[in-house]
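Q: Have a look at the structure that comes next, please.
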Amino acid sequence: MSASSAEDRQRLEREIRRLRHELQQAVHALPHLRQMVQFSGDLLILAGAGGRILEANGRLAEALGVPQHALYGERLQQWMPNPGQVRLLEERLAATADPVPLRMELDLQPLQGEPLALELEAHPLLQQGEGEPRWTLALRDIGVRRQLASSEAARQVQASLLASLGTSEARYRALVSQLADGLGQIDSGTRLLFANPALHRILAVADGELQGRRLLEFLTPQARGAFEQIWGAVLAGQERRITLPLLAADGRAHQVEMTLQPPSPGETEPGSAPAVGLMLRDVTDLTCALDELTALAFHDPLTGLANLESCRRGLEGRLAQAGGHPWLVLWLDLDGFRRVNHSFGREVGDALLQAVANALRAWAGPSDLLARLGGDEFVLVRELSGPAEDSLALGRQAEAVLRQLRAALSQLPVGEEMAPMALGFSAGYCLAPLHGQQVEPLLQGAATALSRAREVAPGTALAYEPTFTTRLRREMELEARLHQAVGDRALRLVYQPQFDGSGCLLGAEALLRWNDPTLGAVPPARFVALAERTTLIHSLGQWVLGEACRQLRAWLDAGLQVPRLAVNLSPRQFELTLPPLVDQVIALLKRYRLPAGVLELEITESCILPVAGVTAAVQDLAALGVRLALDDFGTGYSSLSVLNRLPLHKLKIDRSFIQHLETSDAARTIVRTALAMGRGLGMQTLAEGLETAGQLAVLEALGCDAYQGYWFSHPLEVEAFAALLGAQLAGSTEK
Ligand code: C2E
Ligand code: MG
Ligand code: MG
Numbered sequence: 014m015s016a017s018s019a020e021d022r023q024r025l026e027r028e029i030r031r032l033r034h035e036l037q038q039a040v041h042a043l044p045h046l047r048q049m050v051q052f053s054g055d056l057l058i059l060a061g062a063g064g065r066i067l068e069a070n071g072r073l074a075e076a077l078g079v080p081q082h083a084l085y086g087e088r089l090q091q092w093m094p095n096p097g098q099v100r101l102l103e104e105r106l107a108a109t110a111d112p113v114p115l116r117m118e119l120d121l122q123p124l125q126g127e128p129l130a131l132e133l134e135a136h137p138l139l140q141q142g143e144g145e146p147r148w149t150l151a152l153r154d155i156g157v158r159r160q161l162a163s164s165e166a167a168r169q170v171q172a173s174l175l176a177s178l179g180t181s182e183a184r185y186r187a188l189v190s191q192l193a194d195g196l197g198q199i200d201s202g203t204r205l206l207f208a209n210p211a212l213h214r215i216l217a218v219a220d221g222e223l224q225g226r227r228l229l230e231f232l233t234p235q236a237r238g239a240f241e242q243i244w245g246a247v248l249a250g251q252e253r254r255i256t257l258p259l260l261a262a263d264g265r266a267h268q269v270e271m272t273l274q275p276p277s278p279g280e281t282e283p284g285s286a287p288a289v290g291l292m293l294r295d296v297t298d299l300t301c302a303l304d305e306l307t308a309l310a311f312h313d314p315l316t317g318l319a320n321l322e323s324c325r326r327g328l329e330g331r332l333a334q335a336g337g338h339p340w341l342v343l344w345l346d347l348d349g350f351r352r353v354n355h356s357f358g359r360e361v362g363d364a365l366l367q368a369v370a371n372a373l374r375a376w377a378g379p380s381d382l383l384a385r386l387g388g389d390e391f392v393l394v395r396e397l398s399g400p401a402e403d404s405l406a407l408g409r410q411a412e413a414v415l416r417q418l419r420a421a422l423s424q425l426p427v428g429e430e431m432a433p434m435a436l437g438f439s440a441g442y443c444l445a446p447l448h449g450q451q452v453e454p455l456l457q458g459a460a461t462a463l464s465r466a467r468e469v470a471p472g473t474a475l476a477y478e479p480t481f482t483t484r485l486r487r488e489m490e491l492e493a494r495l496h497q498a499v500g501d502r503a504l505r506l507v508y509q510p511q512f513d514g515s516g517c518l519l520g521a522e523a524l525l526r527w528n529d530p531t532l533g534a535v536p537p538a539r540f541v542a543l544a545e546r547t548t549l550i551h552s553l554g555q556w557v558l559g560e561a562c563r564q565l566r567a568w569l570d571a572g573l574q575v576p577r578l579a580v581n582l583s584p585r586q587f588e589l590t591l592p593p594l595v596d597q598v599i600a601l602l603k604r605y606r607l608p609a610g611v612l613e614l615e616i617t618e619s620c621i622l623p624v625a626g627v628t629a630a631v632q633d634l635a636a637l638g639v640r641l642a643l644d645d646f647g648t649g650y651s652s653l654s655v656l657n658r659l660p661l662h663k664l665k666i667d668r669s670f671i672q673h674l675e676t677s678d679a680a681r682t683i684v685r686t687a688l689a690m691g692r693g694l695g696m697q698t699l700a701e702g703l704e705t706a707g708q709l710a711v712l713e714a715l716g717c718d719a720y721q722g723y724w725f726s727h728p729l730e731v732e733a734f735a736a737l738l739g740a741q742l743a744g745s746t747e748k
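For reference, each letter of the sequence shown is one residue, going 14 to 748 in the working numbering.
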């Protein structure tokens, strides 16, 4: 999976967790709110027309010294001994046309004892429609305030008391009105008795216009059926929660989670209609997010193809199909994709992956299973025909599929800048039931065959063989040991001298050696390639550069003049690393006080493919005064324009041409041309792997400048090379 799609997914998952958390909190809020009302320090009343008590909390009953149920249906005025206050209150509560909040002082006479001095704050609730107007009345004790009002100190106490009362009240009101969830009460006919602003919002009804309307009006016919199934239980006193679609007044559909909470026993006056608590949580976004998450869980967001998980499931389903058909499970990996990403950036890389996915989709049949497994790896599962035992025929079918795939991918609309890079792929495949009948062994086998193909012949496809698995395990072990070796410094450099035709020492190439305690000497061609397949190449490359520079300084300090030391660079060392390659070189030259010209860096032709940043890095290195050699010339892809653009000092003609110089006209022609070209571009030419006097004679005649090979010297250990340097020094002083 690409980094950006992984980030998207994490963000979505976080969002869903947050929504879930909010949802749970809101669901729990309803009983808490009821509790808050019940045990609030204030005396709280939901009053109907003329001050009739519809709901009241325990504090009111307590203050008046009557049982709570005795309050319902009574009028508050009954306990008000002051006729002036009664008048004022009734006047205000009767103003149905344009009710405004009311704040007044008010005395209540409990059943026993002294009258209570209270402050009343009344707020109109929903007042439109046929239903009677409702008021919330909050009464708070101001007896203490009255008693203390005379003294200065008392005023301060009063102020702080008032402030805390004010905050608790504001908090309560804010909670109900600002809650994102719809809160309300409905009667047994689902008529709304109360609704907070959020409930209005969800149902798209103007503020205050919900009262008296039936909740059922807002349910789709199917949702109504589901609702009616639980409604009986709610009326029988059980809390229920249900997720259903709801049709708001503006015609928009929402997915809501509805919690219905029956009144607790004792809250309802015998014979009166129960008020059921209603909480509506709009989960439309959550539902969409969950759908999206489900889609994400089974699809690759970049290409829309199935991902590994759904590939597994799809393959499982196919294998389970009756009929025992043979299946092809093919795993492919695009060649050079990493370079595209590094050179042209992720956007181009993503566009290329999408183009590949589209081409595969266009090519695939309806029953094929196609998946992208992240990065540049794709899987194809296809049903083959014929008997499952005829492995030869099945192999032929697989080959045909591969040919078609190559054709499909060769016509990709890749950008002009990528033109020199043909988009090929390496692949590995398994046949079911030949190689397995279960999902995991088949996918594993195809992956193993792919890594083998990538290793031995990139760009080709291999059928799975059991020996691959053993090899792969060995490779993994080797990789682990190499990791260890880099850390333990179980590595060393040897030095192969380079000479001119007269045998004069021109310099040396540092070559890496690894001697593993159990495996013995592992050839660099093997472990360097292994390191290149992982990020290990970065630490390995850094170690080689550092070690070569350290050794150069040691020789110089010992009075030995090294004309030049070449170090091999892997193409991957040009990838963005910390520190970048150029900075590593600058730091080493400084640290070991080396003249830049003594260091030569060997790059291969594969480095100079259009990899963004390489040209700049090579130019920066040349600007430092470091010399650059093109290694293994002739074995890779290089165009004259690229050679011309890069500030190269040396052309190293690959050993494969030198080897056949005496026997092959073609090899001679190639070498002659290469030498002419190098000369033409002002480069020094060097023949690699020179083994015979005959080869030397041909090369001398063709005008080659320098030689490296067993004819002159094998790679030498540090001490042996120091001795050679010493001998050269002695020779030159003798002359
Ligand atoms: P290369 O850079 O082309 O190195 C030359 C290889 O040819 C060396 O093999 C050397 O021992 C071998 N050679 C030299 N003269 C003769 C000859 O006359 N006959 C034959 N048959 N071979 C000769 P070596 O050391 O096994 O290295 C193989 C490759 O491994 C190198 O090829 C280079 O590509 C890579 N390598 C070695 N050391 C390093 C390193 O420090 N860093 C990186 N990135 N690659 C390295
Ligand atoms: Mg080399
Ligand atoms: Mg070479």
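All C-beta atoms, glycine included, are put in the ideal place defined by N, C-alpha and C.
Candidates L196, S423, R265, P446: which alpha carbon is nearest R331's?
A: Cα-wise, what sits closest to R331 is P446.
Q: Would you call the CB atoms of Y442 and A401 closer than 7 Å?
A: For Y442 and A401, no; Cβs fall outside 7 Å.
Q: Listed in chain order, which residues are found with a beta carbon closer than 5 Å to a heavy atom of ligand 2?
A: This selection yields N581, E615, D644.
Q: Is it right to say E68 is buried, meaning 16 or more other beta carbons lie within 10 angstroms of its own, or is it exposed?
A: Looking at its Cβ environment, which holds 16 or more other Cβ atoms inside 10 Å, E68 is buried.
Q: Can you name the residues that DSSP bridges to S439?
A: According to DSSP, which records beta bridges pairwise, S439 is partnered with D346.
Q: Within 6 Å: the Cβ of E749 and any heavy atom of ligand 3?
A: Residue 749 lies beyond the stretch modelled for the chain, which goes from 14 to 748, so this question has no answer here.
Q: What are the boundary residues of the alpha helix (DSSP H) that includes M696?
A: Element bounds for M696: n/a, residue is neither H nor E.
Q: Within the 7 Å Cβ cut-off, does R153 reach chain B?
A: Considering every chain present, this structure includes no chain B. It has just one protein chain.
Q: Tell me the residue span of the alpha helix (DSSP H) that contains E613.
A: No alpha helix (DSSP H) contains E613, which is instead part of the beta strand (DSSP E) from 612-617.
Q: Between the C-alpha atoms of P19 and V452, what's the straight-line distance to the nearest angstrom?
A: The sequence shown places Ala at residue 19, rather than the Pro named in the question. Each residue's Cα considered, the two are about 25 Å apart.
Q: What residues in its chain sit with their C-beta under 6 Å from that of V602, if we drop five residues either side in the sequence?
A: Reading off the sequence, residue 602 comes out as Leu, not Val. Excluding sequence neighbours, L602 sits near A609.
Q: For the alpha helix (DSSP H) holding L152, just list the boundary residues, first then last.
A: Note, L152: premise wrong, no alpha helix (DSSP H); beta strand (DSSP E) at 148-154.
Q: Hey, A5 and W568 are a contact pair by Cβ (cut 8 Å); roughly how many whole angstroms apart?
A: Residue 5 cannot be examined here, being either before or after the span of the chain that is shown, 14 to 748.
Q: Taking the alpha carbon of R502 as the point to measure from, which residue in D529, P471, A636, E488 has its own alpha carbon closest?
A: Cα-wise, what sits closest to R502 is D529.
Q: What residue from I599, P275, R604, V541 has the CA that sits closest to R566's CA?
A: It is R604.
Q: For L607 and G388, I'd like the C-alpha separation in whole angstroms.
A: Cα to Cα, the separation comes out at about 42 Å.
Q: Using only the alpha-carbon positions, how far apart do L524 and E732 sit?
A: Approximately 15 Å between the Cα atoms of the pair.
Q: Would you call the segment 689-696 and the segment 498-512 in contact, with 3 or more CB pairs under 8 Å?
A: Taking 8 Å as the limit for Cβ pairs, the verdict is that the segment 498-512 does not touch the segment 689-696.
Q: Please state whether DSSP places R763 in a helix, a strand or coil.
A: The chain is shown from 14 up to 748; residue 763 falls before or after that span and cannot be answered.
Q: Short of 8 Å in beta carbon distance, which residues of its chain neighbour R685, apart from the five on each side in sequence? Order them along the chain.
A: Counting only Cβ-Cβ distances below 8 Å, and skipping sequence neighbours, we find L715.
Q: Would you say the beta carbon of L524 comes nearer than 6 Å to a heavy atom of ligand 4?
A: No copy of ligand 4 occurs in the structure displayed; its ligands are ligand 1, ligand 2 and ligand 3 alone.
Q: Provide the residue span of the beta strand (DSSP E) that contains D529, from first to last.
A: Where D529 is concerned, the enclosing beta strand (DSSP E) stretches over 518-529.
Q: Would you check whether ligand 1 has a heavy atom nearer than 6 Å to the C-beta of E704?
A: Within the cutoff, so yes.
Q: Pick from P479, R294, R484, Q457: whose alpha carbon is nearest that of E468?
A: The option with the nearest alpha carbon to E468 is R484.
Q: Between which two residues does the beta strand (DSSP E) containing M292 stretch?
A: 289-295 is the span of the beta strand (DSSP E), which, as asked, contains M292.
Q: Can you confirm whether the segment 220-232 touches the segment 78-86 when touching is taken to mean that 3 or more C-beta pairs between the two stretches lie within less than 8 Å?
A: No, the segment 78-86 is not in contact with the segment 220-232.
Q: If you follow the alpha helix (DSSP H) that M489 is part of, which residue opens it and which one closes it?
A: Counting along the chain, the alpha helix (DSSP H) containing M489 begins and ends at 479-501.
Q: Using three-state DSSP, classify A236 as helix, strand or coil.
A: Residue state, collapsed to three classes: helix.
Q: Measure the alpha-carbon distance for V296 versus R27 and round it to whole angstroms.
A: Their Cα atoms are separated by approximately 16 Å.
Q: If you check the beta carbons only, do A262 and A217 fall under 7 Å apart?
A: Closer than 7 Å, so yes.
Q: Using the C-alpha atoms, what's the distance from V269 back to A151?
A: Their backbone Cα atoms lie some 32 Å apart in a straight line.
Q: Taking only heavy atoms of ligand 1 into account, decide whether any of them is closer than 6 Å to the Cβ of A498.
A: Not so, every heavy atom of ligand 1 lies at least 6 Å from the Cβ.
Q: Would you kindly report the start and end of the unbroken beta strand (DSSP E) that includes V369?
A: No beta strand (DSSP E) contains V369, which is instead part of the alpha helix (DSSP H) from 359-376.
Q: On the DSSP bridge list, what partners appear for E701?
A: In DSSP, E701 forms a bridge with Q721.
Q: Would G195 and L205 be called neighbours here (beta carbons separated by less than 7 Å)?
A: Their beta carbons are not under 7 Å apart, which means G195 does not touch L205 by this criterion.
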